[in-house]
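Just so it is clear: in the sequence shown, position 255 is 256 by my numbering, and no numbers are missing. Please read the structure below before turning to the comments.
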Amino acid sequence: MDDLREFALVFPAWWFCTLGVLGLIIGSFLNVVIYRLPIMLERHWLQDTDIQAGITDSNCDSTRYNLWWPPSACPHCQHAIAVKDNIPLFSWLWLRGRSRCCHQPVSVQYPLVEAITLLVFLTAGLLWTPGMALCGALILLSFLLVLTVIDIKTLLLPDVLTLSLLWVGLLFNLSETFVPLGDAVVGAMAGYLSLWLLYWVFKYATGKEALGYGDFKLLAALGAWLGWRALPNLVLVAALSGLVVTLVWRGLRKEETNKPLAFGPWLAIGGVFSVIMNGVNL
């Protein structure tokens with residue numbers, strides 16, 4: 002790790018080029034997770050439902066499908082995507098947002114996620130020198146980006162992501178990378194219990210559900226990474242940003258106020274704010 006720090010100090014331009022390329026590659030993989038994980042979870046849920054119901058001739062698609070297989074294909078015509086058309090960010094720009102095979106539009110989500118990941122990696126490189134803190138920050142911010150997009154699209158925060166994020170945060174803080182382990186454990190407990198309590202108070206008072214259990218787990222994961230002291234400011238940033246943007250958005254679009262909204266993205270924004278403050282204060 003010392004050699005990597007020396008490389009970053011002696012050759013900063015090469016270091017940030019390396020971070021940029023890595024950010025684009027990781028961003029491309031994050032798009033795969035965002036697209037495929039909800040499908041994988043739905044298939045698994047349908048298979049479990051059929052098993053519990055005793056259905057032997059299930060209509061569920063049993064073909065192999067995971068984060069690694071099948072190879073990338075056009076979402077419209079399922080034609081395999083060539084390597085030259087799968088270069089992060091640049092291929093989308095070169096093809097002007099359309100697939101080469103059937104000329105159908107390709108979602109702007111793909112270049113947007115890749116560009117955000119690129120920005121995340123470069124910004125993290127400015128805040129942290131090469132080491133455990135930089136590695137941890139990149140993992141945390143990548144998870145938050147994936148969770149944000151999935152929650153916006155599906156109103157779900159998958160356990161496989163939130164719980165994995167929680168345990169990885171505790172592992173990083175075994176060596177006090179961000180906070181002492183005791184603060185991380187208390188942060189995980191406080192994060193979960195605070196939103197759990199708010200959920201039941203609101204439900205008892207109004208008969209409605211304002212939050213989901215995925216939100217509890219996400220805040221617990223953030224507490225495991227950043228400690229209990231970061232939670233008040235984190236939740237404040239999440240609540241204020243969510244309130245302001247939601248009011249403006251609904252005012253402009255005149256949407257129904259009873260329509261459910263994802264709170265995970267705002268928790269993620271609060272988490273990003275807290276991570277940046279942690280990096281600035283190091």
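Backbone N, C-alpha and C fix where the C-beta goes; we use that ideal spot for every residue, glycine too.
Point to revise | C-alpha gap between G21 and M2, whole angstroms | key: Walking along the sequence shown from the start, residue 21 turns up at place 20. Walking along the sequence shown from the start, residue 2 turns up at place 1. C-alpha separation (whole angstroms): 19 angstroms.
Practice item. Would you give the residue range spanned by the alpha helix (DSSP H) that F179 belongs to? Key: On the sequence shown, position 178 is the one that residue 179 refers to. Here F179 belongs to no alpha helix (DSSP H), and DSSP marks it neither H nor E.
Check your understanding: Could you check where the alpha helix (DSSP H) with K218 kicks off and where it finishes?
Key -> As a working mapping, residue 218 is identified with position 217 in the sequence shown. For K218, the enclosing alpha helix (DSSP H) begins and ends at 214 to 227.
Review point. Ends of the alpha helix (DSSP H) at P112?
Key: Taking the first residue of the sequence shown as 1, we reach residue 112 at position 111. For P112, the enclosing alpha helix (DSSP H) covers residues 110 to 128.
Practice item. Pull up the DSSP beta-bridge partners for L261, would you. Key: Mapped onto the sequence shown, residue 261 falls at position 260. At residue 261 the sequence reads Pro, which differs from the Leu that was named. None, per the DSSP bridge assignment.
Review point. Which partner residues of A74 appear in the DSSP bridge assignment?
Key: Along the sequence shown, read from residue 1 onward, the residue named residue 74 stands at position 73. A74 is bridged to A81.
Point to revise | Residue nearest to L164 in terms of C-alpha spacing, selected from A222, A9, S176 | key: Position 163 of the sequence shown, counted from the start, is the residue given in the question as residue 164. The residue with the shortest Cα to Cα distance from L164 is A222.
Review point. When you compare each of I52, A231, Y111, A263 to I153 by their alpha carbons, which one comes out closest?
Key: Walking along the sequence shown from the start, residue 153 turns up at place 152. Of I52, A231, Y111, A263, the residue nearest in Cα terms is A263.
Review point. Can you tell me where the alpha helix (DSSP H) with Q48 in it begins and where it stops?
Key: In the sequence shown, residue 48 corresponds to position 47, counting from 1. Per DSSP, Q48 is one residue of the alpha helix (DSSP H) stretching across 13 to 53.
Point to revise | Residue of G192, Q110, L212, C136 minimising C-alpha distance to R6 | key: For the purposes of this step, residue 6 is taken as the residue at position 5 of the sequence shown. Taking only the C-alpha atoms, the option nearest R6 is C136.
Practice item. Look up P266 in the DSSP assignment and say whether it is helix, strand or coil. Key: Counting from one through the sequence shown, the residue named residue 266 turns up at place 265. It is helical.
Practice item. Could you pull out every residue in the same chain whose Cβ sits closer than 6 angstroms to the Cβ of A231, ignoring the five residues on either side in sequence? Key: By one-based count along the sequence shown, residue 231 stands at place 230. Hits under 6 angstroms: S275.
Review point. Buried or exposed: where does I96 fall if 16 or more other Cβ atoms within 10 Å of its Cβ makes it buried?
Key: Position 95 of the sequence shown, counted from the first residue, corresponds to residue 96. Reading off the sequence shown, one finds Leu at residue 96, where the question assumed Ile. When all chains shown are included, L96 counts as exposed.
Point to revise | Which of helix, strand or coil DSSP assigns to R97 | key: As a working note, residue 97 is residue 96 in the sequence shown. R97: coil per DSSP, three-state reduction.
**Study point:** Among L141, L244, V147, the one whose alpha carbon lies nearest that of Y111
**Key:** The residue given as residue 111 occupies position 110 in the sequence shown. It is V147.
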